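Residue numbers (my numbering), protein chains in the order written: chain C, 20 to 136; chain Y, 20 to 136; chain P, 4 to 386; chain R, 4 to 386. C-beta: ideal position from N, C-alpha, C; glycine also. The structure presented is a predicted model; accordingly, all values stated were derived computationally and were not measured. So the structure is just underneath, and the comments pick up after that.
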Amino acid sequence: MFSETLLDHFQHPRNAGELPDADGEATGENPVCGDRLHIWLRMTDGHIREMRWRAEGCAPVIAAASVTSEMVRGMDIDAVRRLRAESIADALGGIPKRKEHAAALVVMVLRRAVVTG
Amino acid sequence: MFSETLLDHFQHPRNAGELPDADGEATGENPVCGDRLHIWLRMTDGHIREMRWRAEGCAPVIAAASVTSEMVRGMDIDAVRRLRAESIADALGGIPKRKEHAAALVVMVLRRAVVTG
Amino acid sequence: MPDLIYLDHAATTRLRPEVRAAMAPFLDDLYANPSSVYRVAQTVRSKLDVARDAVARALGASPSEIIFTSGATESNNAAIKGVALAGQRRHLVTTAIEHHSVLHPMEELAARWGFDLTVVAVGADGRVAPAAIESALRPDTALVSVMWANNEIGTLQPIEEIGEILRARRIPFHVDAVQAVNYLPINLATAPIDLLSLSAHKIYGPKGSGLLYIRRGTSFFPLLTGGGQERNRRAGTENVAGIMGFAEALGLCSSDRPVAAARARRLRDRLLEELQSRIRDLRVNGSLHDRLPNNLNVTIPGCHSESLLVALDLAGVVASSGSACTSGSLDPSHVLLALGLSESEARSSLRLTLGRENTETEMVRAAETIAGAASRLRRLAPV
Amino acid sequence: MPDLIYLDHAATTRLRPEVRAAMAPFLDDLYANPSSVYRVAQTVRSKLDVARDAVARALGASPSEIIFTSGATESNNAAIKGVALAGQRRHLVTTAIEHHSVLHPMEELAARWGFDLTVVAVGADGRVAPAAIESALRPDTALVSVMWANNEIGTLQPIEEIGEILRARRIPFHVDAVQAVNYLPINLATAPIDLLSLSAHKIYGPKGSGLLYIRRGTSFFPLLTGGGQERNRRAGTENVAGIMGFAEALGLCSSDRPVAAARARRLRDRLLEELQSRIRDLRVNGSLHDRLPNNLNVTIPGCHSESLLVALDLAGVVASSGSACTSGSLDPSHVLLALGLSESEARSSLRLTLGRENTETEMVRAAETIAGAASRLRRLAPV
Ligand SMILES: Cc1ncc(COP(=O)(O)O)c(C=O)c1O
Ligand SMILES: Cc1ncc(COP(=O)(O)O)c(C=O)c1O
Ligand code: FES
Ligand code: FES
């Protein structure tokens with residue numbers, strides 16, 4: 020059901036945890052499934068230096084947060100604003116249709132975190 | 020489903036055929052199932068000397084006619100009038116419930132044949 | 004059944020070894036509920052998906068149009084009640100020779116739910132005229148159900164022509180193809196059919212497994228509700244082994260079809276020839292031309308089938324007088340009566356349905372046995 | 004499933020070898036249609052009769068009160084629609100924690116056929132009070148359906164008390180005993196129950212096989228009509244192998260019951276102990292006292308079951324969050340919500356259901372695995 024990559028991120032989440040000195044921070048919850056996400060960002064010179072996160076919910080939302088934290092490191096903030104849920108899903112080797120909204124939740128919270136920065 | 024005895028009478032019917040010089044004769048048909056029976060009797064001194072029959076229908080009606088033709092040989096006519104379908108069924112080692120009316124058809128035609136004698 | 008000559012393939016068939024093999028893992032290791040989330044359950048789910056895809060492909064349908072059921076009786080009930088009760092129209096049409104699992108639901112809808120039912124007659128050849136269906140139609144006709152091949156006399160119905168008429172009027176069309184699928188290719192991509200029923204045990208698959216095809220866009224109200232299985236159109240934990248066996252059987256049936264049909268026809272024609280040469284006044288019921296290649300239904304006047312079947316059984320030949328599920332009944336076959344046979348003729352009829360295990364030698368032996376028994380019984384009959 | 008610890012016996016169970024053996028001849032030589040008249044078919048028929056007798060005896064019923072179905076979903080649909088549509092009364096009663104194959108037919112009757120439906124609440128312990136059922140009754144109550152044991156939390160309902168109340172008022176009583184029968188003796192000779200549903204695949208029998216008990220004298224309208232099978236109350240060629248397997252499974256279940264129940268309780272209590280010692284704030288859902296001995300349902304706050312189940316699966320432990328047939332859905336369990344849990348608590352719940360293959364060692368390993376996964380996931384969760 021889940022790809023190897025997705026399961027690897029779920030089992031070995033990258034960059035999980037908080038960033039006490041974050042430049043941007045946001046939380047979000049998917050009202051339908053109840054999954055929750057919190058993202059912290061450290062940004063300098065219009066680029067993301069570090070992303071950390073906490074998530075509660077399904078395996079895809081954890082894996083999506085994890086893979087996103089790797090994807091955005093060093094990324095310019097405009098590019099982050101344009102990041103699409105599909106790219107996150109692709110980076111995970113696909114997300115089953117029923118769970119695609121997990122990537123959307125990450126995108127949403129990430130955009131908010133950038134704005135607050 | 021059918022007893023050994025019933026199947027034996029069905030496979031090797033006793034006294035099948037006509038009696039050209041019969042003293043009594045009757046036919047009958049069961050309107051529900053369409054089975055038909057014709058019985059001929061030779062009677063002397065108030066006793067049945069011979070019974071012959073023809074039947075078309077289920078295996079039990081053929082076996083019942085056959086076993087009855089043996090049962091009534093030498094029987095006094097009053098006893099024939101009192102012969103019950105249950106006795107014929109017993110003589111066959113039983114008849115499945117759904118087919119018990121086959122013995123009843125034999126009894127009915129037999130009584131009529133006695134009367135016509 | 005070691006020495007038996009089995010001539011009752013319309014009643015049921017023996018599992019093919021390949022089918023048994025396809026079922027085996029699901030009666031053993033692969034027992035997980037396909038609705039569960041863990042991987043071994045998802046393995047079962049994906050094997051079910053593969054089976055559904057294969058079944059859909061074999062029928063020219065899309066996988067989402069197939070629901071697996073507990074057999075064709077359920078499929079027929081679900082199709083008829085499911086379409087009738089889903090809409091507002093209140094008129095139903097079927098034919099006089101349908102299987103009881105079509106006729107009874109129709110009669111039920113008439114008796115209990117206020118539907119009008121038109122039962123269209125068939126000709127003496129056992130075929131329904133498309134024009135007869137057409138003239139039965141009304142503006143409020145909710146559903147028409149016509150079987151593709153009859154289970155007693157094997158006659159084929161003009162499904163394409165009827166379907167075209169109905170499609171032009173946008174009336175849903177249900178087809179019971181239980182007996183047809185062994186020998187007729189079915190391509191739902193082109194056939195004007197909206198619902199179609201099949202049963203696994205008629206095609207060398209397991210009993211208790213069937214399917215209903217429902218063309219996309221057909222209004223349908225499910226008969227069994229509960230868990231969301233079969234896209235909410237048939238609840239209940241899937242009979243996984245039964246479905247896998249059914250899919251295997253249908254695949255084999257589709258690939259064997261041309262050869263199997265030719266072979267059955269050769270055997271059937273041989274059997275008829277042998278019977279005709281031995282039994283006087285033997286009559287074939289229903290068209291010989293528009294007919295399943297494996298079916299023979301004959302009347303032997305003066306020889307009631309009830310006793311004939313017992314005599315045959317004792318001699319190692321098994322056959323039937325009509326459909327298996329009414330064999331206990333005292334009523335003569337409604338199909339034969341619909342052809343115009345008298346009650347007594349209908350009661351003197353024999354159905355012989357051939358299958359993949361039968362051989363030419365068996366045809367000769369069976370004909371000898373039947374002829375012997377018939378002549379003995381005829382000699383016993385009153386004149 | 005070689006190294007897996009299978010803790011999802013409420014979803015389905017693995018065939019017992021004896022069950023597989025009981026089925027085998029009917030997937031092979033004994034393929035004849037039991038409705039056919041010849042001897043080999045009558046052999047199949049008489050084996051079916053023996054199976055029906057055994058099933059009836061195991062339940063304290065008479066053979067004529069048992070109909071075999073394609074599973075408990077069909078049994079529940081047939082019971083509810085069959086009784087409701089057979090009479091004139093227009094009010095139905097059930098509870099908030101029934102299986103969807105009871106709730107959905109009830110809701111259907113309300114939405115489409117004009118019935119009034121009362122859904123009785125349960126207490127925080129997951130039990131319905133007989134008085135609550137009593138006060139829901141009306142003069143026109145057609146049927147009450149209450150499950151014997153819940154499939155998610157295992158709580159037992161006061162079936163006897165409810166049944167006595169209904170019997171005094173002559174209201175038909177349907178009981179879904181699918182989960183109960185493994186561990187509770189069922190004696191329909193004395194229990195005030197009019198209809199009862201069972202499913203084979205929950206008791207180490209095959210999927211696609213179930214039964215409905217209908218007490219003599221109960222008005223009932225059949226769901227599937229067609230051939231005259233099952234005394235005209237359930238048409239369709241019998242799933243012979245499935246029925247034989249079911250009968251065998253029920254026989255074994257009845258004879259093993261006291262030992263199996265004691266064993267399951269010991270394992271379950273050990274599992275709970277191990278979990279409680281490792282996981283803080285773990286809460287058991289539903290009464291621990293009035294409960295199936297093999298069921299554990301716990302909430303682990305801060306640990307969503309969706310990801311927990313994936314983590315467990317990867318570690319070789321399979322379990323579920325609720326009923327299998329809704330595992331795909333995003334909705335929290337209607338049963339847990341009915342107990343008063345919040346949506347978030349309901350989403351952080353785990354169902355562990357034990358069976359005959361489980362061992363004490365597995366309980367310890369499972370508890371370690373669950374505790375490890377839960378603590379990892381809790382550490383990932385936002386505060
Ligand atoms: C034409 C036809 N329709 C429906 C059925 C019913 O199928 P099943 O036995 O799977 O219920 C049969 C056979 O029994 C049949 O021959
Ligand atoms: C309590 C209960 N009732 C009914 C069912 C439905 O049974 P089946 O899977 O045989 O349709 C289940 C399980 O799925 C169940 O747990
Ligand atoms: S289930 Fe909705 S984000 Fe995970
Ligand atoms: S079936 Fe009626 S007498 Fe034979």
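Distance check for Met20(C) and Gln45(P), CA to CA, integer angstroms please.
Looking up residue 45(P) in the third sequence gives position 42. Looking up residue 20(C) in the first sequence gives position 1. Each residue's alpha carbon lies about 7 Å from the other.
Kindly give me the distance between the Cβ atoms of Leu339(P) and Val51(Y), rounded to whole angstroms, as I take these residues to be in contact under 8 Å.
One-based indexing of the third sequence puts residue 339(P) at position 336. One-based indexing of the second sequence puts residue 51(Y) at position 32. Cβ-Cβ separation between Leu339(P) and Val51(Y): approximately 17 Å, too far for a contact (criterion under 8 Å).
So, is the C-beta of Pro32(C) closer than 9 Å to a C-beta in chain R?
Position 13 of the first sequence, counted from the start, is the residue given in the question as residue 32(C). Yes, its Cβ sits closer than 9 Å to a Cβ of chain R.
Could you pull out every residue in the same chain whose Cβ sits closer than 6 Å to the Cβ of Ala81(R), ignoring the five residues on either side in sequence?
Position 78 of the fourth sequence, counted from the start, is the residue given in the question as residue 81(R). Contacts found: Leu215 and Leu226.
Does any residue of chain P have a CB that is nearer than 9 Å to the CB of Gly43(Y)?
The count along the second sequence starts at 1 and reaches residue 43(Y) at position 24. Gly43(Y) does not count as touching chain P.
Check whether the Cβ of Glu429(P) lies closer than 8 Å to any heavy atom of ligand 4, and answer yes or no.
Any answer about residue 429(P) is impossible in this case: the structure gives chain P only from 4 up to 386.
Pull up the distance between the alpha-carbon of Ala89(R) and that of Glu233(P), whole angstroms please.
Working through the fourth sequence from its first residue, we reach residue 89(R) at position 86. Working through the third sequence from its first residue, we reach residue 233(P) at position 230. When rounded, the distance between both Cα atoms is 28 Å.
Is the separation between the beta-carbon of Ile156(P) and that of Asn185(P) shorter than 9 Å?
To locate residue 156(P), count along the third sequence from 1; it is residue 153. To locate residue 185(P), count along the third sequence from 1; it is residue 182. No.
Thinking C-alpha only, which one of Val321(R), Phe71(R) and Ser200(R) is nearest Val40(P)?
As a first step, residue 40(P) must be located in the third sequence, where it is residue number 37. Of the candidates Val321(R), Phe71(R) and Ser200(R), the one whose C-alpha sits nearest the C-alpha of Val40(P) is Val321(R).
Output, in chain order, the set of chain R residues within a Cβ distance shorter than 7 Å of Arg17(P).
Indexing the third sequence from 1 puts residue 17(P) at position 14. Neighbours of Arg17(P) on chain R, chain order: Tyr34.
Only counting the same chain, and skipping five residues up and downstream in sequence, which positions put a Cβ closer than 8 Å to that of Ile54(C)?
Residue 54(C) sits at position 35 when you count from the first residue of the first sequence. Just to set this straight, residue 54(C) is Asp in the shown sequence, not Ile. Excluding sequence neighbours, Asp54(C) sits near Glu48, Ala74, Glu75, Gly76, Cys77, Val80, Ala121 and Leu124.
Along the alpha helix (DSSP H) that carries Leu198(R), what are the first and last residues, could you check?
Against the fourth sequence, residue 198(R) aligns to sequence position 195. First-last for Leu198(R): Leu198 to Ser202, but that is the beta strand (DSSP E), not the alpha helix (DSSP H).
For Trp116(P), count neighbouring C-beta atoms within 10 Å of its own C-beta (all shown protein chains included) and say buried if the count is 16 or more, exposed if not.
Locating residue 116(P) in the third sequence gives position 113, where the first residue counts as 1. Counting every other CB atom within 10 Å of its CB across the protein chains shown gives Trp116(P) a total below 16, marking it as exposed.
Just reading off the beta strand (DSSP E) that Val96(R) is part of, what are its end residues?
What you label residue 96(R) is simply residue 93 of the fourth sequence in a count that begins at 1. Segment His94 to Thr98, the beta strand (DSSP E) holding Val96(R).
Since Arg55(Y) sits in a beta bridge, which residues does DSSP pair it with?
The residue you call residue 55(Y) lines up with position 36 of the second sequence. Secondary-structure assignment with DSSP links Arg55(Y) through a beta bridge to Glu48(Y) and Glu75(Y).
Could you tell me how far apart the beta carbons of Ala13(P) and Asn298(P) are, in whole angstroms, since I believe they sit closer than 8 Å?
Numbered from its first residue, the third sequence carries residue 13(P) at position 10. Numbered from its first residue, the third sequence carries residue 298(P) at position 295. So it is a contact: roughly 7 Å between Cβ atoms.
Round the Cβ separation of His57(C) and Met94(C) to the nearest angstrom and send it over; I've been treating them as touching at under 8 Å.
Within the first sequence, the letter at position 38 stands for residue 57(C). Within the first sequence, the letter at position 75 stands for residue 94(C). Wrong, their Cβ atoms sit about 20 Å apart, outside the cutoff.
Tell me where the beta strand (DSSP E) around Asn300(R) begins and ends.
For the purposes of this step, residue 300(R) is identified with residue 297 of the fourth sequence, where counting begins at 1. DSSP places Asn300(R) inside the beta strand (DSSP E), whose first and last residues are Asn298 to Thr302.
Within the 9 Å Cβ cut-off, does Glu309(R) reach chain C?
Your numbering for residue 309(R) matches position 306 in the fourth sequence. So yes, Glu309(R) belongs to the interface.
How about the stretch 162 to 175 of chain R and the stretch 189 to 207 of chain R: do they share at least three Cβ pairs that are nearer than 8 Å?
yes
Answer yes or no: the CB of Leu312(P) versus the heavy atoms of ligand 5, is any distance below 8 Å?
In the structure on display, ligand 5 does not appear, and the ligands it does have are ligand 1, ligand 2, ligand 3 and ligand 4.
Could you check what DSSP says for Glu365(P) in three-state terms: helix, strand or coil?
Residue 365(P) sits at position 362 when you count from the first residue of the third sequence. It is helical.
Would you check whether ligand 3 has a heavy atom nearer than 8 Å to the C-beta of Pro115(C)?
Taking the first sequence and counting its residues from 1, one reaches residue 115(C) at position 96. Checking every heavy atom of ligand 3 against the Cβ of Pro115(C), none is found closer than 8 Å.
Determine the contact status of Glu68(R) and Ile217(R), defining contact as a CB-CB distance below 9 Å.
Counted from its first residue, the fourth sequence places residue 68(R) at position 65. Counted from its first residue, the fourth sequence places residue 217(R) at position 214. Yes, the Cβ-Cβ distance between Glu68(R) and Ile217(R) is below 9 Å.
Any idea what DSSP makes of Ser22(C), helix, strand or coil?
As a first step, residue 22(C) must be located in the first sequence, where it is residue number 3. In the structure shown, Ser22(C) sits in coil (DSSP, three-state: anything other than H, G, I, E or B).
Going by the C-beta, is Gly325(P) closer than 8 Å to any heavy atom of ligand 4?
As a working note, residue 325(P) is residue 322 in the third sequence. It does not: the Cβ of Gly325(P) is nowhere closer than 8 Å to a heavy atom of ligand 4.
Measure the beta-carbon distance from Gly43(C) to Thr135(C) and round it to whole angstroms, keeping in mind my assumption that it falls under 8 Å.
For the purposes of this step, residue 43(C) is taken as residue 24 along the first sequence, with counting starting at 1. For the purposes of this step, residue 135(C) is taken as residue 116 along the first sequence, with counting starting at 1. Distance from Gly43(C) to Thr135(C) at the Cβ level is roughly 5 Å; contact confirmed, criterion being Cβ atoms closer than 8 Å.
For Leu124(Y), decide whether its Cβ has a neighbour in chain P, counting only Cβ atoms nearer than 9 Å.
Locating residue 124(Y) in the second sequence gives position 105, where the first residue counts as 1. With 9 Å as the cut-off, Leu124(Y) does not count as an interface residue toward chain P.
So, does the stretch 267 to 284 of chain R touch the stretch 108 to 126 of chain R, judging by three or more C-beta pairs under 8 Å?
no
What do you get for Pro142(R), buried or exposed, if any count of 16 or more other CB atoms within 10 angstroms of its CB means buried?
As a working mapping, residue 142(R) is identified with position 139 in the fourth sequence. Under this definition Pro142(R) is an exposed residue.
With 9 Å set as the bound, which would you pick, yes or no: does the beta-carbon of Asp11(P) sit closer than that to a beta-carbon of chain R?
Looking up residue 11(P) in the third sequence gives position 8. The beta carbon of Asp11(P) falls within 9 Å of a beta carbon belonging to chain R, placing the residue at that interface.
Okay, do the stretch 245 to 252 of chain P and the stretch 84 to 104 of chain P touch, 3+ Cβ pairs below 8 Å being the bar?
Contact fails: fewer than three Cβ-Cβ distances are below 8 Å.
Quick one: which residues of the stretch 181 to 196 of chain P get their C-beta closer than 7 Å to a C-beta of chain R? List them in chain order.
Result list empty, no residue passes.
Check whether chain P comes within 9 Å of Leu26(Y), counting only Cβ atoms and requiring the distance to be less than that.
Along the second sequence, read from residue 1 onward, the residue named residue 26(Y) stands at position 7. By this cut-off, Leu26(Y) is an interface position.
Select from Ser65(P), Leu51(P) and Pro28(P) the residue whose C-alpha is nearest the C-alpha of Arg219(P).
On the third sequence, residue 219(P) is found 216 positions in, with the first residue counted as 1. That would be Ser65(P), whose Cα lies nearest to the Cα of Arg219(P).
Could you give the first and the last residue of the continuous beta strand (DSSP E) run that contains Leu215(R)?
One-based indexing of the fourth sequence puts residue 215(R) at position 212. Here the beta strand (DSSP E) through Leu215(R) covers Gly213 to Ile217.
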